[in-house]
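Protein chains in written order, with full-length UniProt numbering: chain A, 1 to 341; chain B, 1 to 238; chain C, 1 to 288.
We treat Cβ as the ideally placed atom computed from N, Cα and C, and that holds for glycine.
Following: one structure in structure tokens, then a few remarks.
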Amino acid sequence: MRGTGGRDVLITLVVAALLIWIMPTMIATYTLTVLVIYGMLGLSLGLIWGFGGILCFGQAAFFGLGAYTYAIAAINIGESTVPMILAVLVPALFAAILGAIMFYGRLMDVYLGVITLVVTLILFKFVNTTAGPQYVIGKARIGGYNGIPGFQTLNVPGDPGAYIWGDPFYYVCAVALVIVFLLVTWLLRSSFGRIAVGIRENEVRMALLGYDVAARKTVLFTIGAAIAGLSGALFANWSEIVTPSLFSLSQSAEIIIWCIVGGLGTRLGPILGAAGLAYLKFMLGQQSMIDNTLITGLILVLFVLFLPRGLVPAVATLWGRIVVGTRRRTQPRTMRRTRHG
Amino acid sequence: MAETVLETHGLTMRFGGVTASDNVNFKLKARELRCLIGPNGAGKSTFFKCVTGLLTPSEGHVYMRGQDVTGWQPHQIASLGVGIKTQTPNVMDALSVHENIWLAARRFNDRAEASARADDIIDRLALGPIARTDLGQLAHGERQRVELGLVAVADPWLVLLDEPAAGMSADDVARMTQIIHDMTRTAAVVIVEHDMQFIRSVAETVTVFHQGAVLMEDHVDKVMSDATVRAVYLGKKA
Amino acid sequence: MDLSFVILVEVLYAVASLVLISAGLAVVFGMMKVINLAHGEFMMMGGYATITAANLGINVFVAMLVIAPLVVGLIGLVVERLVIRHLYGRLVDTMLATWGLSLMFIGLATMIFGNTTTGISTPITGFTVGDYQINGYNFFIIVVSVVLVLCMLAVLKGTRAGLIARGTMQRSDMAAALGYSPDRIYMATFFCGSALSGLAGAVLAPLVGLVPTSGGAYIAKAFITVIAGGPSLIAGLVSSATSFGLVSQIFTFTISPVIGEVVLLVAAVIVLRLMPQGITGRFFRGKL
């Protein structure tokens with residue numbers, strides 16, 4: 001186990017380094033940066049939904065909170081290091097409280113969906129109303145539907161004048177994604193991760209084995225929110241403005257679509273789903289024949305109907321059949337979404 | 001005098017107007033093997049759920065090793081060192097036999113120790129050939145056996161089994177009986193069961209439930225020959 | 001005196017519009033345990049159907065009360081046949097698929113009607129009570145929802161179809177065992193639910209500027225009203241609409257409309273946390 005772990009890390013690093021190096025020759029780094037950021041956001045939901053079985057309709061709330069926290073803190077502090085840390089901590093804290101309320105209430109799937117969706121809407125509506133000058137946190141005006149522009153963007157820690165933007169910012173984001181990916185891998189291989197998968201499979205059984213299901217789900221939910229918060233902060237740096245649309249339902253819908261298209265129960269699926277679909281959207285945005293939203297919706301419907309497991313597991317199965325063929329191998333494990341009768 | 005490991009005082013559970021469990025006083029000593037029998041709807045399963053924390057009783061108390069555990073969550077009760085198997089096979093379907101048992105062992109042991117214990121139980125239950133197979137692909141009897149493995153691997157001092165022999169073949173039942181007897185070397189065992197054959201082969205003392213209350217409690221042979229018991233339960237079965 | 005009358009009308013209006021917004025979703029959820037996240041877009045399409053018909057010279061009330069429900073009902077029928085029926089019993093998948101449908105409808109509406117605000121004027125003029133101006137159209141909405149609830153009661157209690165529907169709500173397997181094809185029941189239910197959504201969208205259209213994304217404003221409210229209402233169709237709908245309408249209006253008057261909306265959502269979260277089975281899961285058990 002330990003041996004293969006080390007080899008996997010090495011393979012991940014080599015492949016990631018190659019990709020980080022090659023991709024800019026095909027796609028402009030400005031676009032690539034946001035694809036990487038979305039990949040991280042996709043991974044955050046892929047972790048809690050695919051491995052923890054927690055269906056969150058409001059992952060955008062944590063993304064938006066991360067972005068806003070960064071923007072507000074950056075205006076007040078004028079240097080980016082502390083704001084980056086806060087942008088991870090604030091959504092995590094928020095998720096810990098929300099998660100504890102939901103999981104200790106032992107709410108089932110659908111209600112979890114309702115509550116996370118409603119909480120996202122509350123944030124969206126609330127932030128939209130804060131246009132007036134009385135809504136201020138420190139030196140930062142929240143700005144309502146206008147959002148917050150003009151905050152200090154990422155700088156070399158300790159040197160507010162040394163901005164990290166353009167290509168270097170792309171490398172920072174890519175490396176951050178690789179680190180998060182490795183951390184998630186490590187988490188899933190740890191006892192905590194394996195117990196989380198056990199809870200996904202059978203909550204009652206795990207409780208009867210003596211595991212505190214509510215506490216563990218809350219922790220996993222919090223970790224997912226922390227990752228979403230980090231991606232939100234990076235997004236704020238990329239777009240250089242934060243607006244309430246970060247909290248919107250369509251943003252939440254997109255994250256869910258990434259996970260379904262890429263494949264739940266895999267680590268790569270949500271990342272590839274996010275980057276792939278965001279790139280598709282970018283390409284489609286350059287034509288005006290067919291509406292973008294229409295295609296996004298169509299993709300979601302088609303996947304739910306015809307390929308509910310997503311692309312990565314399907315390709316892996318196919319690969320297993322064609323290449324490995326006679327050498328019998330265990331199929332990649334993916335989750336089936338919980339079904340209620 | 002052996003220590004009392006499980007005790008209930010006036011345990012009562014009502015659902016709306018129905019009293020499913022009515023003032024049950026129950027006592028179990030360390031390493032004792034006890035079967036709970038009774039016709040359908042006699043309140044066996046309700047009693048079982050109240051004891052395991054799946055239900056909170058309307059009235060009365062549950063004590064384990066003298067500690068009042070009334071109203072505790074299932075995971076808290078399990079954490080005391082109580083092994084529980086519910087009526088329907090309740091396992092992690094998408095995970096392998098080894099992974100399932102490892103999860104049960106990991107609760108009370110570190111990673112490596114859990115793995116060693118899982119291997120050990122897999123050997124003892126003759127699950128070796130299917131250790132890497134997902135539970136979803138196993139036959140009913142095998143799943144029941146794996147679930148007993150989940151219970152046994154944690155070294156409980158109290159084991160609560162709801163219908164462990166349901167739907168099993170004769171071979172499986174014989175093996176199950178052996179496993180349960182092995183358990184009584186270290187643990188007190190409560191079995192809720194319908195199958196009289198099975199009860200005769202494992203039990204000594206039997207508690208008979210009828211209409212939510214305890215009808216009688218005695219040695220298995222005496223219970224079997226008791227006229228009232230035959231009337232409420234065996235008469236219908238035989 | 002005048003003020004209290006105005007406030008009473010406003011509260012009734014708030015409750016009535018919640019009932020109207022949620023009725024279609026409640027029928028579909030109550031009967032089929034399907035959560036239709038495209039519900040808001042069904043309402044949006046009801047609005048567009050009304051405006052298009054009115055622009056073609058059809059009487060506005062005919063457009064609202066007849067054409068819009070029919071058009072949206074038919075769209076619902078197509079959706080049910082093509083998508084929903086493949087997903088029965090898979091609650092989460094249905095939610096996801098209907099979310100996809102909702103995005104598709106937004107996209108379609110944008111392509112057809114453009115991303116601009118359209119609207120029609122309210123066909124009923126206002127009047128004054130003392131110093132206060134009252135919107136006459138609000139009365140129309142109150143009347144429509146009262147009639148709607150009465151009709152639903154009458155159909156469920158008094159007709160054969162209603163009896164089958166009630167049976168299906170309780171035990172769909174038993175209804176099937178008695179020889180009623182669940183397939184056809186579900187088809188009819190989805191048609192009715194969609195038509196109700198279309199009606200709601202049509203009736204509310206004169207009050208809002210319509211854009212393709214208008215549905216988003218309704219879905220959350222409808223969603224929580226239905227879920228918080230719980231298993232009983234009509235009792236749940238009326239009780240949760242009343243509670244939420246009252247709470248949100250109190251805050252709308254004392255603070256601001258937006259705070260009213262936010263409080264409504266917060267109240268929903270609290271209700272669900274305290275009563276996971278919904279209001280009628282705890283009270284009014286066994287009512288319709």
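Beta-ladder partner(s) of residue i, from DSSP
{"i": "C/Tyr-132", "result": "C/Val-129"}
{"i": "A/Ser-239", "result": "The partner list for A/Ser-239 (beta bridge, DSSP) is empty, contrary to what the question assumes."}
{"i": "B/Met-13", "result": "B/Ser-21"}
{"i": "B/His-219", "result": "B/Thr-205"}
{"i": "C/Cys-192", "result": "Answer is none; C/Cys-192 lacks a bridge partner."}
{"i": "C/Leu-210", "result": "C/Thr-118"}
{"i": "B/Leu-6", "result": "B/Leu-28 and B/Met-64"}
{"i": "A/Asn-155", "result": "A/Tyr-163"}
Closer than 8 Å to chain A by CB, residue i
{"i": "B/Asn-23", "result": "no"}
{"i": "B/Thr-95", "result": "Inspection of the sequence shows that residue 95 of chain B is occupied by Leu rather than by Thr. With 8 Å as the cut-off, B/Leu-95 counts as an interface residue toward chain A."}
{"i": "B/Leu-150", "result": "yes"}
{"i": "B/Val-189", "result": "no"}
{"i": "B/Ile-121", "result": "no"}
{"i": "C/Leu-18", "result": "no"}
{"i": "C/Met-110", "result": "In the sequence as presented, Met is not what sits at residue 110 of chain C; that position holds Thr. Yes, C/Thr-110 lies at the interface with chain A (some Cβ there is under 8 Å from its Cβ)."}
{"i": "C/Leu-96", "result": "yes"}
Boundaries of the alpha helix (DSSP H) in which residue i is found, first to last residue
{"i": "C/Ile-58", "result": "Unbroken run through C/Ile-58: none, as it is neither H nor E."}
{"i": "A/Cys-173", "result": "167-189"}
{"i": "C/Val-111", "result": "Looking at the sequence shown, residue 111 of chain C is not Val but Met. From DSSP, the alpha helix (DSSP H) with C/Met-111 extends over 91-113."}
{"i": "A/Leu-298", "result": "292-306"}
{"i": "A/Ile-164", "result": "Here A/Ile-164 belongs to no alpha helix (DSSP H), and DSSP marks it neither H nor E."}
{"i": "B/Asp-119", "result": "111-124"}
{"i": "C/His-86", "result": "Looking at the DSSP string, C/His-86 is not in any alpha helix (DSSP H), and its letter there is neither H nor E."}
Residue i at chain C interface by Cβ criterion, 8 Å
{"i": "A/Gly-285", "result": "no"}
{"i": "A/Val-127", "result": "no"}
{"i": "A/Thr-296", "result": "yes"}
{"i": "A/Ala-61", "result": "no"}
{"i": "residue 342 of chain A", "result": "What the structure shows of chain A is the stretch from 1 to 341, and residue 342 of chain A is not part of that stretch, so it cannot be assessed."}
Exposed unless 16 or more other CB atoms sit within 10 angstroms - verdict on residue i
{"i": "B/Leu-44", "result": "In the sequence as presented, Leu is not what sits at residue 44 of chain B; that position holds Lys. Result: buried."}
{"i": "B/Pro-129", "result": "exposed"}
{"i": "A/Arg-327", "result": "In this prediction, A/Arg-327 scores a pLDDT of 48, lower than 50, which makes its location untrustworthy; the coordinate-derived value is nonetheless stated afterwards. Exposed, because fewer than 16 other Cβ atoms sit within 10 Å of the Cβ of A/Arg-327."}
{"i": "C/Phe-253", "result": "exposed"}
{"i": "C/Thr-117", "result": "exposed"}
{"i": "A/Arg-321", "result": "exposed"}
{"i": "C/Leu-196", "result": "buried"}
{"i": "C/Val-262", "result": "buried"}
{"i": "A/Gln-134", "result": "exposed"}
{"i": "B/Lys-222", "result": "exposed"}
{"i": "A/Leu-220", "result": "buried"}
{"i": "residue 358 of chain A", "result": "The shown model of chain A, from 1 to 341, leaves out residue 358 of chain A, and the question about it has no answer."}
{"i": "B/Pro-164", "result": "buried"}
{"i": "residue 342 of chain A", "result": "Given that chain A is displayed from residue 1 to residue 341, the structure contains no residue 342 of chain A and the question cannot be resolved."}
{"i": "A/Phe-247", "result": "buried"}
{"i": "A/Val-323", "result": "exposed"}
{"i": "A/Leu-121", "result": "buried"}
Presumed contact (8 Å Cβ cut-off) between residue i and residue j, rounded CB distance
{"i": "B/Val-159", "j": "B/Val-189", "result": "5 Å"}
{"i": "C/Pro-212", "j": "C/Phe-61", "result": "Wrong, their Cβ atoms sit about 25 Å apart, outside the cutoff."}
{"i": "C/Ala-49", "j": "C/Val-71", "result": "4 Å"}
{"i": "A/Arg-309", "j": "A/Val-184", "result": "With 8 Å as the limit, A/Arg-309 and A/Val-184 do not qualify as a contact, their Cβ atoms being about 20 Å apart."}
{"i": "A/Leu-117", "j": "A/Phe-57", "result": "4 Å"}
{"i": "A/Ala-67", "j": "A/Ala-236", "result": "4 Å"}
Range covered by the beta strand (DSSP E) that runs through residue i
{"i": "B/Val-192", "result": "188-192"}
{"i": "A/Met-40", "result": "Here A/Met-40 belongs to no beta strand (DSSP E); instead the alpha helix (DSSP H) covers 29-45."}
{"i": "C/Arg-160", "result": "Element bounds for C/Arg-160: not the beta strand (DSSP E) but the alpha helix (DSSP H), 160-170."}
{"i": "B/Gly-83", "result": "82-85"}
{"i": "B/Gly-60", "result": "59-64"}
{"i": "A/Cys-56", "result": "Run containing A/Cys-56: none; DSSP gives neither H nor E here."}
{"i": "B/Asp-162", "result": "158-162"}
{"i": "B/Leu-36", "result": "33-37"}
Proximity test, Cβ basis, 8 Å: residue i and chain B
{"i": "A/Asn-155", "result": "no"}
{"i": "A/Asp-291", "result": "no"}
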